[in-house]
Structure formats: C-alpha cells, structure tokens
C-alpha cells in the first residue's frame, strides 16, 4: 500500500515536471509524458518508495505551506547573516562543529532536515549518525547538545514531524 | 622542466592561432553552398526543426551507426580489461568509505528525475538541442549517482544487457525498414512526417534517437560499473 | 561586441586553467582543472551558437571524462597501496597541495 | 528600463563568477578548488539562462539544465574521491 | 510591469552571486567558504532565475524546474564536500573550536579497539 502510494506520487511528480519542461502544451506531449512517467516510476531498477513517507492529510498540507514560509524566511536571514560576516572588515567568525539531536526517523524527513540546516543561518550539516547530527557552526553559541538542538533543529523539526513522520 | 616549457609554448601557440576565431563569432556570414543546401532541404525533407539532428540521423545516418559501434567496442574493451583478477585488487569494497545517509536519500529522489530528463532530451532531439548521445549520458549520470552513493551496490546486469541489445536491434531494424519502405538504409521517412515542431514529427527520427539514447546509456553505465573495480 | 568580450574572457580562463593543469604536480588538481577547462569550453561553444556541441561537451567532456579519470586515479592508487602493503588511511594521500 | 537593469544584473553576476574563478585557479587545496567549482557551476547555469533570454532562444535553457546536473554529479564524485569512497 | 519587477529580482540575485564570490575570496578555510558559497548561490539563483521567468513568462516552467533542482542538490553537494573536508581538517588548517565529530570518531575508535582486545582475550 505504502509502495503503491509512493509510486503514484512519483508518477504524478514526474508528469508535472515533464509538462513544465514542454511548455507550449499539446496532447501528444501529455500522452508521451504520461507513458514515460509510468515507465520510470514502475521501473524495478529505481525504487521510489521514499515518497511514501509523505503524509497527505489536511493538517499535513497546512504544515507544508507553513514550512515553506519558515524555510524561505530562514534562507533570507541566513543570506543576510552571510552578507554581514563577509562584508564586515574583521570577519567575525568563530567556527566549530557541534552535535545536535533529532527525533525524525524517516529518510525523507531526515534529508529535508539536513538540507534545511545547511541553508539556515551559519550552519552546515557535516554528518548524520543515527539520532546525532553533526553541524558546522560559523559562530558557535552553545556547545552542549541540548541548547544547540534548541537553537538549530527545533524550529524545523516540529513541522517536519507532522509532514513526514 | 624542458618538457613543461615546450608544452606551455605549444599551448600559447594554439591560443594565438585560435584568437581570430573569437572575433568572428558575432559576424553574420552567408553559409556555404553545402550548409545552405542542408538548411533549405532538411525542414522540407524530414520536417525536423533541428537541422543538426536531421544531418546526424538521416543524411549522415551511417556514420552514426559506426559511432555507436565504436562506442560499443570501447566499452566492451573496458569491461574485459577491468575485471577483478586482471587488476590484482582483492577486496576493494571493504576499504571504501560509505556515503552519508543524506546522499543516499537524495539519490533515491533524484534518480527518477534524471532518467526522465534523459528521456526528454533524446525524445526531443528533433526539436531542441541534444539527442541520443546526450540523453544517454544523462541516463548514465543517474546510474553513476547510484554508484557514488552506495559503492557496494550491484547494477542489474541482465537488465542492462537486455536494454542494450534490444535498442541496438531496434536501431538496425528501423534502418532496414527504411531500406524496404523508403529510399534507403536508415531513411526515417517510413512514418508520416507530421507538422514541423510537433513531438510526433520528422518520421522515425524520434524512435531512432530513443534507441540510440537507450543503447548509449546502457553501454556507459556498464563501463562505469566496470571502472568501479570490484566486479566478479 | 559584448559576446566577443565574453568569448575572449572565457578563452583566457581556459588557457590559464590549462597551463595551471600542466604546471601542477598533483594529478588530482590536474583533473579538477581540466574539468574546469571543459566547463569553460562548453560555455564558449554555446556563445558561438552551437547548443548541440555545447551540450555534448558539458555532458561528456566535463562530467563523464572527469569521473573516468577519478576512477582511474583511485584504482591505480589502490593497486599501488596493495603493492607496498600499506593502507591509504592517511588523509594526506589525495589532498593535492598548492600548485 | 527592464533591459538596462537586467544588463547590470548580468554584469554583476559575471563579476561574482570571476571572483569564484580566481579561487578556483588559486586553490590552495584541492578541496577549495572543488568548492569554487561548485559555485562556478551554479553561477554559470544562471548565466546560460540569461544568455538564452538575451538571444531570444528558449531552447538554450536545456543546455543550462544539463550543465547544472552534470556539475552537481561531478562535484559529488570529487567529494567522494576526496573522502576515499570511490 | 512584471518585466521590471523581474529585472529587479534578478539584480538582487546577482548581488548575492557577487556576495558568494567575495565570500570565497575572503573566508579563511574551506568550511567557511562553503558556508558563504552554498547559501548565497542558492538564494541568488532562486531570485535570478525567477526574475528571468517573470521577464519572459514562457521561460517560467523551465526556470522553476531549475530552481527546484538547485534547491534540492546544492545542500547535498556541500554536505558531501563538508564531510570530505573534515578528513583533511588538519591539512587545510581549519580552526574548529569544539570539534564534536572528531571526538565522536575517536570515541568510536577506542570502543572498537577495546572490543577487539576483549575478543582477543576471549579467544585465548
């Protein structure tokens, strides 16, 4: 059931991408795109069961939209932070690698969390081992895992837990 | 030291020799007799919006068949040379460091997207730049990403060989069909030409390019897997 | 006019990267720099109005060839390590210093 | 108006590309060059799309997409080589 | 009107591209260069490409795909690079004040050594 849901979601996503690629739409392109999408999604070589973790209830959809805006805000803030640090004549950096913890279990959720951490102010994910996430922080503000988790992870985790478990 | 100086002198000479080319790019010139003949005839003959594709697949179709054969010979040679015994490397997979979980998950998401993009490129070879070879390389890139993410993984050999043989047979079969139904070997006018700019146009060119793309993709994937080094 | 300057600048970058690729002692740095040359060559082809060739150069010249070189380097290094019965644990093995 | 502003934007982007290219040529370590290659690939992809807009040929965008994709896989291959996983 | 908005969006994106270039030049080691490079090019390409899409609406579909692709892949490649750079942290002279990852690696190594010793003792 979960695999079938993943395959159908992957198929729909691939078809949408195909339609965006072939911009002046025509019937031929739509049919060809549907055939290709079905072939690729049901190919035994490339399992696409990752998307099965995505929840599609109304609450999850609301959280997805909210997460999108939180992500955009964090991305803009991180760029302003980079601009401040790069253009400051004294380069105010104090780098280090800290350990934070995550409660997310599904691969998709962990990928989204890692990518979000990389694109938010001053942090890059270096390594993920089990529930430990090692993060390069350009200005270390807290070295103990609890407060570092509070500062880096919690903002995204509460959305991602709803979106994909 | 002497060798390096000579190489650098040769490089500087090449740069000097090609300098005039840089200034000719923006100048619009009349195309030569051959070029204008191609430009004039290919939309009428084959209804292909991309003239380069019409030349590669139809006017010079036999050359392309030869190129595919050369590529096949090269990858077969690489595969035969790089077996585990020949290299004398015993357990290479044990020494390799595993990739992160992030890369593995991202590979699982990206693979389908890349395969579909490769299919887009070789199916639209008669409309947009690109074609069988480029699309095949993009598909091989998807396989490469899987090999990078999990070095221990095995590519399904049977599927690869089947895809390669089937697409090669399809390519030659379409060429023979052209010899019987149209003007000669590899003539794409076995199917209706259709209107210029639509997906189902230019006769059999999209089908031929799809066969070439799948064949090139399977061949290059097999070559990369052989280069990975720890195959039986 | 602007296109001429762009082609010229990309060509200068290609020549400098090519010279640096020859001058460096590390094979890895050589591979990275020649990958950069291929990427710049692809841009030149596109600027000169040959999108098919540009796509081929980007896909084969910079992607596939670089990866094949890297695989070959890794394999030959493994063979060397097995010969001298040392393992490549030290990070210094492949860093590639200043050119 | 829009054309002028976009021309200035392209000129600024080329300047950023030149700075990244300086880091690519200078190094000092292979890992620095790879980081610079990553940045250069993305900036060049954007510039190819801008060139498609200037020359009015939408099909050039496809070249940019192949370029970005191949650059990503090349950088990942370099990173895997550097950490000893190839 | 949308054309002018798109052009100004592209201009802001171009400034972020310039910022990434300056960051690559000024930052002292590979980790910090990655910080500047990844973040600035991601936001820069989003703004630049969406700006182009607004100037010419028929480009919008392909630029959206390109933006999604870049947002998905750019953090992944910089994560792979950061992990590779961590293996060379002493070589490239990276200053990492608390280095939790190195401590975890050392702890894992010590643990594996002690278990190996125990097994050896057991075998005897």
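Protein chains in written order, with the working numbering: chain A, 21 to 185; chain B, 3 to 234; chain C, 109 to 207; chain D, 54 to 139; chain E, 270 to 393.
Built from N, CA and C at the ideal position, the CB exists for glycine as well.
CA nearest to the CA of residue i, picked from the options
i	options	result
residue 44 of chain A	E:328, E:288, E:304	E:328
residue 136 of chain D	B:212, B:138, B:150, B:123	B:150
residue 11 of chain B	C:112, C:185, C:124	C:124
residue 116 of chain C	B:224, B:17, B:106, B:107	B:17
residue 71 of chain A	A:127, A:136, A:94, A:118	A:127
residue 179 of chain B	B:229, B:137, B:169, B:191	B:191
residue 43 of chain B	B:204, B:108, B:218	B:204
residue 176 of chain B	B:8, B:64, B:20, B:22	B:64
residue 165 of chain B	B:222, B:109, B:147	B:222
residue 97 of chain A	E:279, E:270, E:285, E:367	E:285
residue 84 of chain D	E:367, E:382, E:375, E:350	E:350
residue 312 of chain E	E:279, E:326, E:271, E:369	E:279
residue 118 of chain B	A:158, A:59, A:89	A:59
residue 129 of chain A	A:169, A:84, A:77, A:165	A:84
residue 59 of chain D	E:336, E:331, E:325	E:325
residue 347 of chain E	A:125, A:88, A:137, A:93	A:137
residue 102 of chain B	A:111, A:146, A:110	A:146
residue 20 of chain B	C:178, C:152, C:147	C:152
residue 66 of chain B	B:219, B:9, B:211	B:211
residue 122 of chain C	C:131, C:112, C:148	C:148
residue 182 of chain A	A:77, A:150, A:92	A:77
residue 133 of chain A	A:110, A:87, A:33	A:87
residue 131 of chain D	C:112, C:135, C:110	C:135
residue 100 of chain B	B:148, B:32, B:219, B:77	B:148
residue 107 of chain B	B:136, B:77, B:152	B:152
residue 146 of chain B	B:167, B:220, B:62, B:41	B:220
residue 123 of chain A	A:148, A:111, A:36, A:117	A:148
residue 123 of chain B	B:195, B:209, B:98	B:209
residue 177 of chain A	A:135, A:162, A:163, A:158	A:135
Whole-angstrom C-beta distance between residue j and residue i, which should lie under 8 Å
i	j	result
residue 214 of chain B	residue 132 of chain B	At roughly 12 Å, the Cβ-Cβ gap does not stay under 8 Å, so residue 214 of chain B and residue 132 of chain B are not in contact.
residue 48 of chain B	residue 38 of chain B	With a Cβ gap of about 17 Å, residue 48 of chain B and residue 38 of chain B do not count as contacting.
residue 72 of chain B	residue 225 of chain B	The Cβ separation is near 13 Å, so there is no contact.
residue 276 of chain E	residue 55 of chain D	4 Å
residue 82 of chain D	residue 355 of chain E	With a Cβ gap of about 13 Å, residue 82 of chain D and residue 355 of chain E do not count as contacting.
residue 345 of chain E	residue 105 of chain B	6 Å
residue 160 of chain A	residue 114 of chain A	6 Å
residue 127 of chain C	residue 13 of chain B	6 Å
residue 120 of chain A	residue 173 of chain A	5 Å
residue 114 of chain C	residue 155 of chain C	6 Å
residue 123 of chain D	residue 171 of chain C	4 Å
residue 299 of chain E	residue 363 of chain E	7 Å
residue 130 of chain C	residue 181 of chain C	Going by Cβ atoms, the distance from residue 130 of chain C to residue 181 of chain C rounds to 17 Å, so no, they are not a contact pair.
Sheet register partners of residue i (DSSP bridge)
i	result
residue 148 of chain A	A:153
residue 143 of chain A	A:157
residue 368 of chain E	A:117
Neighbour list for residue i in chain H, Cβ cutoff strictly below 9 Å
i	result
residue 100 of chain B	Looking for chain H here will not work: the only protein chains present are A, B, C, D and E.
Give the list of continuous alpha helix (DSSP H) stretches no shorter than 4 residues that lie fully inside the region 106–136 of chain D. 113–135
(Q) Check whether the region 37–57 of chain B and the region 119–129 of chain B touch, using three or more Cβ-Cβ pairs below 8 Å as the test. (A) yes
- Task: Flag this pair as touching only if the region 89–107 of chain A and the region 317–333 of chain E have three or more C-beta atom pairs under 8 Å; answer yes or no.
- Result: no
Determine contact between the region 86–98 of chain D and the region 296–309 of chain E, defined as no fewer than three beta-carbon pairs at a distance below 8 Å.
yes
Would you list, in sequence order, the uninterrupted alpha helix (DSSP H) runs of no fewer than 4 residues that lie entirely inside the region 35–73 of chain B?
35–48, 53–56
The region 113–123 of chain D in contact with the region 277–294 of chain E per 3-pair CB rule at 8 Å: no
_4 or more residues per run - each alpha helix (DSSP H) lying fully within the region 47–86 of chain A_ = 47–61
Check: Taking only runs of the alpha helix (DSSP H) that begin and end inside the region 103–140 of chain A, which ones reach a length of at least 4 residues, in chain order?
Finding: 127–138
Would you call the region 3–10 of chain B and the region 136–146 of chain A in contact, with 3 or more CB pairs under 8 Å?
no
At least 3 beta-carbon pairs within less than 8 Å: the region 45–59 of chain A vs the region 152–164 of chain A: no
Between the region 128–143 of chain C and the region 107–124 of chain B, can you find at least three pairs of beta-carbon atoms closer than 8 Å? no
Closer than 8 Å is the cut-off here; do at least three beta carbon pairs connect the region 95–106 of chain D with the region 69–78 of chain D? yes
* alpha helix (DSSP H) segments (min. 4 residues) lying fully within the region 57–86 of chain D -> none
Complete runs of the beta strand (DSSP E) confined to the region 331–385 of chain E [at least 3 residues]:
none
Practice problem: Go through the region 118–165 of chain B residue by residue and report every complete run of the alpha helix (DSSP H) that reaches 4 residues or more, in order. | Solution: 134–151
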